[in-house]
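Under our numbering, think of the first position of the sequence shown as 1, with each following residue one higher.
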Amino acid sequence: MNNKNRRQFLATSGVLATTPYFFTNVDLFAQENKSKNDKLNVGNIGVGGRGTAIARQSLKLGNPIACCDVDKNRAAAFSKNSGNNCAIYHDYRELLDRDDIDVVTIGTPDHWHVKIAIEALRAGKDVYCEKPLTLTIEEGILVGKVVKETGKVFQVGTQQRSEYGGHFLNAVAICQLGW
């Protein structure tokens, strides 16, 4: 699979989580060793609060095979509602150890984003991470370095910035033109 398609998946994951009404069709893709008709296997890390919305939207784009949350009830509820009865983890590192996960979503509390994202990249996973990615400039530089080192696809979800079809950007342009 090429990186452009992975980027489309991750960008669309963010779109689905923030602006689900802006699209009607999602271009699904697969890894090189999979058929183009196969969905990516997704591991959702953090399925409470904002992570719930991201994880739910991943159901439309991929095959959720694992979820992780420190709250056992939230993890169990997501697993049950996923339609897959995905595997439940309470330690994200165990989820990252799985070889059959293609991409992870990260919807944990903010202070965990960098650590989990870096470990996911180094574990060979593509990553969609909810904002904010980092709390310091140094963390941002480190994440960028790891993305380059691993060659994996990385997307930070930001409402109205990474949404499908450029609707927000078009609205901004219209306002700037004084319409």
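We put the beta carbon where it would ideally sit given N, CA and C, even for glycine.
None of the values given here were measured: they were computed from a predicted structure.
Original post:
Quick one: what's got a C-beta closer than 7 angstroms to Ala66's C-beta in the same chain, skipping five residues either side?
Top reply: Gly43, Cys86, Ala87, Tyr89, Leu95, Arg98, Ile101
**OP:** Determine the extent of the alpha helix (DSSP H) in which Asn44 is found, giving its start and end residues.
**Re:** Not the alpha helix (DSSP H): Asn44 falls in the beta strand (DSSP E), residues 40-45.
**OP:** Could you name the residues of the same chain whose beta carbon sits closer than 6 angstroms to that of Cys129, not counting the 5 residues immediately before and after it, in chain order?
**Re:** Ile106, His113, Ala117, Val156
Original post:
Helix or strand or just coil, what does DSSP make of Gly48?
Top reply: coil
**OP:** List the DSSP bridge partners of Ala66.
**Re:** Gly43, Ala87
Original post:
To the nearest angstrom, how far is it from the Cα of Asn158 to the Cα of Lys131?
Top reply: Going by the sequence as given, residue 158 is Thr instead of Asn. When rounded, the distance between both Cα atoms is 6 angstroms.
Subject >> One or two residues paired with Val127 in a DSSP bridge >> reply: Val104, Phe154
**OP:** Ignore the nearest five residues each way along the sequence and tell me which others in Val70's own chain have a CB closer than 8 angstroms to its CB.
**Re:** His90
Original post:
Considering Arg183, what are the terminal residues of the alpha helix (DSSP H) in which it resides?
Top reply: Here the chain has residues from 1 to 179 only, and residue 183 is not among them.
Original post:
When DSSP labels each residue in this structure, what does Ala173 get in the three-state scheme?
Top reply: helix
**OP:** Below 7 angstroms CB to CB, which residues in the same chain sit around Val143 once its five sequence neighbours on both sides are set aside?
**Re:** Val114, Ala117, Ile118, Leu133, Thr134
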